[in-house]
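Chemist: Counting from 1, one number per residue, gives the positions in the sequence shown under full-length UniProt numbering.
Note that beta-carbon positions come from the ideal geometry of N, C-alpha and C, so glycine has one too.
Sharing a structure with you now.
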Amino acid sequence: MSVYVKHIREVALFEEGSLFYLLQKTYNIPDQIWSIVNIPNGLLDTYVEIHKNSHSFKKSMSARVDVGLFKGLFSSSVTYTKMQQYFQKASKYVEDLTSQTAGYKINIIPEWGLKFGRVAKMYIERLLPKRLNDKSIEQYTTFINTFGTHYFNQGRFGGILRLL
1 MSVYVKHIRE VALFEEGSLF YLLQKTYNIP DQIWSIVNIP NGLLDTYVEI
51 HKNSHSFKKS MSARVDVGLF KGLFSSSVTY TKMQQYFQKA SKYVEDLTSQ
101 TAGYKINIIP EWGLKFGRVA KMYIERLLPK RLNDKSIEQY TTFINTFGTH
151 YFNQGRFGGI LRLL
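Structure, rendered in structure tokens:
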């Protein structure tokens, strides 16, 4: 489990009992959420690429998920197999249009309104010395590695639409 995931789980407190309704379902909202805004047609980014061969297409797919060309298992994917067959049958180009869209924007309360979670408070009270010095650097490093050093003030949630 990464530090990022640990930190997000720690700050997701449900003490106030805020609710959010979406498509006839009710969701509990963490206390740190200030507002949730629907973004209709929330286009964030569009990217168009022309591929001349299957190698170019495979390279593009591996770059989008941030893995090397040979580390990605794209050659076994249905999309890659279809594109490879298309390139073999015809001497045409393939246009790859990728669009990132946001469905909701979530705003987090300002930093002065945030409070530490139960586990972070316990660590501070029991294990973290009052002053940072050569002797206490290890405890502070452990705190940072466990709970992080930053917080989010907003996020956009949506997905990627891909048209080949």
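(1) Could you have a look at lysine 121 and say whether DSSP puts it in helix, strand or coil?
(2) Please report how far the alpha carbon of phenylalanine 143 lies from the alpha carbon of leucine 127, in whole angstroms.
(3) Taking all protein chains shown into account, do 16 or more other C-beta atoms lie within 10 angstroms of the C-beta of glutamine 24, making it buried, or fewer, making it exposed?
(4) Measure the alpha-carbon distance for glutamate 138 versus asparagine 145 and round it to whole angstroms.
(5) Alpha carbon to alpha carbon, what distance is there between isoleucine 39 and tyrosine 27?
(6) On the three-state DSSP scale, how would you describe asparagine 145?
(7) Hey, how far is the Cα of aspartate 134 from the Cα of glutamine 32?
(8) Distance, Cα to Cα, residue 177 vs leucine 132?
(9) Please state whether DSSP places arginine 131 in a helix, a strand or coil.
(10) Tell whether a beta-carbon distance below 9 Å holds between residue 170 and isoleucine 124.
Modeler: With the given structure in hand:
(1) Lysine 121: helix per DSSP, three-state reduction.
(2) 9 Å
(3) exposed
(4) 10 Å
(5) 18 Å
(6) helix
(7) C-alpha separation (whole angstroms): 34 Å.
(8) Examination of residue 177 is not possible in this model, given that the chain is present from 1 through 164 alone.
(9) coil
(10) With the chain covering only 1 through 164, there is no way to say anything about residue 170.
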